[in-house]
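K.L.:
Those letters in the sequence shown? Residues 1 to 270, by our numbering.
Note that CB positions come from ideal geometry on N, CA and C, so glycine has one too.
Note that the structure is predicted; figures quoted are calculated from it, not measured.
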Amino acid sequence: MTSMSKFNPRHFNWTMDGAVAIITLDRPERKNPLTFESYAELRDCFRELVYADDVDAVVFGSNGGNFCSGGDVHDIIGPLLSMSMKELLAFTRMTGDLVKAMIGCGKPVIASVDGVCVGAGAIVAMASDMRLATPEAKTAFLFTRVGLAGCDMGACAILPRIIGQGRASELLYTGRTMSAEEGERWGFFNRIVETSDLQATSVTLAQKLAAGPTFGHMMTKTMLKQEWSMSIEEAIESEAQAQAICMQTVDFKRAYDAFVAKQKPVFEGN
Numbered sequence: 001m002t003s004m005s006k007f008n009p010r011h012f013n014w015t016m017d018g019a020v021a022i023i024t025l026d027r028p029e030r031k032n033p034l035t036f037e038s039y040a041e042l043r044d045c046f047r048e049l050v051y052a053d054d055v056d057a058v059v060f061g062s063n064g065g066n067f068c069s070g071g072d073v074h075d076i077i078g079p080l081l082s083m084s085m086k087e088l089l090a091f092t093r094m095t096g097d098l099v100k101a102m103i104g105c106g107k108p109v110i111a112s113v114d115g116v117c118v119g120a121g122a123i124v125a126m127a128s129d130m131r132l133a134t135p136e137a138k139t140a141f142l143f144t145r146v147g148l149a150g151c152d153m154g155a156c157a158i159l160p161r162i163i164g165q166g167r168a169s170e171l172l173y174t175g176r177t178m179s180a181e182e183g184e185r186w187g188f189f190n191r192i193v194e195t196s197d198l199q200a201t202s203v204t205l206a207q208k209l210a211a212g213p214t215f216g217h218m219m220t221k222t223m224l225k226q227e228w229s230m231s232i233e234e235a236i237e238s239e240a241q242a243q244a245i246c247m248q249t250v251d252f253k254r255a256y257d258a259f260v261a262k263q264k265p266v267f268e269g270n
């Protein structure tokens, strides 16, 4: 296992609040676009989180009133026009690897969405486990509006599972903006909070998750990912095996002992 308490990325902001890591993009004057470098560094960061024993939950937050404006027009979109097919495929695979890393990092990820959340930014929110939004959140999967397909970074697989096939189809075909109220009603956002409360509410939720049982949370996230491609019978068997493993943890015994003593359990992640 490794420590990420002193992690110092070059292309985004990273802070720790106890066992909660808080990530924000660092270009608020441009509404926080992604670049080739920040894509790659975020991918590597979430891959490393698998082995981090001092991070138990992640908040991917907003900065300067916006979450993320997607791929930078000048730093990404322009250069793509001169790339070969091999180079383009390397780029699209790399962006997809960020989503894979978020899903596979073993930690609950909360998207804390304010303002603009479009393109790849909408994908980052989609790939998170939970999403909180302010009333000003504006989410759009813009890919068809720039002449591309809506099937970017797993959108056609993941978004219908969150909001349903018809609603996902509408957003991915049209590229239109989904309001915060609409996003909450459709199940994309878990809830809407006041702008002034967004950061604190997101971190508080993350801290509750970080309090454990962290092994159980890791197993929950793992099964949520793996069961996409399973039959019901396979899923039930896999969950039986996963739960049997969790029953061997000390945290399970801690919960039982606390219940008997009429106390709140204090989990330690083992």
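Decide if the region 136–155 is in contact with the region 202–215; the criterion is three or more beta carbon pairs, one per stretch, under 8 Å apart.
P.N.:
No, the region 136–155 is not in contact with the region 202–215.
K.L.:
From residue 133 to residue 203, what distance separates their C-alpha atoms?
P.N.:
Between residue 133 and residue 203, the C-alpha separation is close to 13 Å.
K.L.:
Would you check if the region 21–28 and the region 57–65 touch, i.e. whether three or more CB-CB distances between them fall below 8 Å?
P.N.:
The answer is yes - the region 21–28 touches the region 57–65, with three or more Cβ pairs under 8 Å.
K.L.:
Sorted by chain position, which residues of the same chain lie with C-beta nearer than 8 Å to residue 2's C-beta, five sequence neighbours on each side aside?
P.N.:
Within the same chain, residue 2 has close Cβ partners 48, 51, 52, 53.
K.L.:
Is the region 66–77 touching the region 27–41 in the sense that three or more CB pairs, one from each, lie closer than 8 Å?
P.N.:
The region 27–41 is in contact with the region 66–77.
K.L.:
Taking 8 Å as the cut-off, does the region 181–195 touch the region 117–136 (at least 3 CB pairs, one atom from each stretch)?
P.N.:
Short answer: they touch.
K.L.:
How many Å lie between residue 34 and residue 135 at the Cα?
P.N.:
The straight-line gap from Cα to Cα measures roughly 23 Å.
K.L.:
What are the start and end residues of the alpha helix (DSSP H) that includes residue 27?
P.N.:
Counting along the chain, residue 27 falls outside any alpha helix (DSSP H), and DSSP gives it neither H nor E.
K.L.:
Go ahead and pull the three-state DSSP assignment for residue 289.
P.N.:
This structure does not reach residue 289, given that the chain is present from 1 up to 270, and the question cannot be answered.
K.L.:
Measuring straight from C-alpha to C-alpha, what distance separates residue 87 and residue 80?
P.N.:
So the alpha carbons of these two residues sit roughly 8 Å apart.
K.L.:
The beta strand (DSSP E) with residue 19 in it runs from where to where?
P.N.:
Where residue 19 is concerned, there is no enclosing beta strand (DSSP E), given that its DSSP letter is neither H nor E.
K.L.:
Could you give the distance in angstroms between the alpha-carbon of residue 234 and the alpha-carbon of residue 118?
P.N.:
Near 36 Å, if we compare the C-alpha coordinates of residue 118 and residue 234.
K.L.:
For residue 142 versus residue 70, is the C-beta spacing smaller than 8 Å?
P.N.:
A contact, by the Cβ cut-off of 8 Å.
K.L.:
For residue 20 and residue 200, which I take to be in contact (beta-carbon distance under 8 Å), what is that distance rounded to the nearest angstrom?
P.N.:
Rounded, the Cβ-Cβ distance is 12 Å, inconsistent with contact.
K.L.:
With C-beta atoms as the reference, is residue 98 less than 8 Å away from residue 43?
P.N.:
Taking 8 Å as the Cβ cut-off, residue 98 and residue 43 qualify as a contacting pair.
K.L.:
Does the Cβ-Cβ distance between residue 176 and residue 140 come in under 8 Å?
P.N.:
It is a contact, given that the beta carbons lie within the stated cut-off.
K.L.:
Would you kindly work out how many angstroms separate the C-alpha atoms of residue 95 and residue 245, rounded to a whole number?
P.N.:
Looking at the two C-alpha atoms, the distance is approximately 33 Å.
K.L.:
What are the residues that DSSP puts in a beta bridge with residue 60?
P.N.:
BP columns for residue 60 point to 23, 111.
K.L.:
With residue 38 as the anchor, note down where its alpha helix (DSSP H) starts and where it stops.
P.N.:
Where residue 38 is concerned, the enclosing alpha helix (DSSP H) stretches over 36–49.
K.L.:
Using the Cα positions of residue 107 and residue 230, report the straight-line distance between them to the nearest angstrom.
P.N.:
Whole-angstrom Cα-Cα distance: 22 Å.
K.L.:
At 4 residues or longer, and completely inside the region 205–247: list those alpha helix (DSSP H) runs for me, N to C.
P.N.:
Correct list: 214–226, 232–246.
K.L.:
What three-state label does DSSP hand residue 178 in the structure shown?
P.N.:
The answer is strand: DSSP assigns residue 178 an E or B state.
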